[in-house]
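**Q**
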Amino acid sequence: AGEETIESQLFEEENIPWSELAFPSVEQTLRHYFEDRKTHHFPLHLETLGTRLDHTG
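Numbering (full-length UniProt numbering), first residue to last: 1 to 57.
What follows is the structure, encoded as structure tokens:
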């Protein structure tokens, strides 16, 4: 395991420390999951990730 996994924890959706996530792909995956969960529809999401995502919510 790498350094980014040393402090792994479980969080409720509203308590996720978005700015502390190690990888942009994890952030985007979680955001898609929480949105998809509202409709119980989980489509395939394809996108290109670059720099860190905007953390304004």
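Beta carbons: idealized from backbone N, C-alpha and C, even for Gly.
#1: Looking only at its chain, what residues have a beta carbon closer than 6 Å to the beta carbon of S42, apart from the 5 residues adjacent to it on each side?
#2: May I ask you to report which of helix, strand or coil DSSP gives S19?
#3: Taking only the alpha-carbon atoms, compute the straight-line gap between L44 and L30 and give it to the nearest angstrom.
#4: Grab me the residues of L21's own chain with a C-beta within less than 6 Å of its C-beta, minus the 5 sequence neighbours each way, in chain order.
#5: Give the straight-line distance between the Cα atoms of E10 and W18, rounded to the nearest whole angstrom.
**A** With the given structure in hand:
#1: The sequence as given places Phe at residue 42; Ser does not occur at that position. For F42, where only same-chain residues beyond five positions count, the Cβ hits under 6 Å are D36.
#2: Here DSSP, grouped into helix, strand and coil, assigns S19 to helix.
#3: When rounded, the distance between both Cα atoms is 13 Å.
#4: E27, listed in sequence order.
#5: Checking the displayed sequence, the identity of residue 10 turns out to be Leu instead of Glu. Cα to Cα, L10 sits roughly 13 Å from W18.
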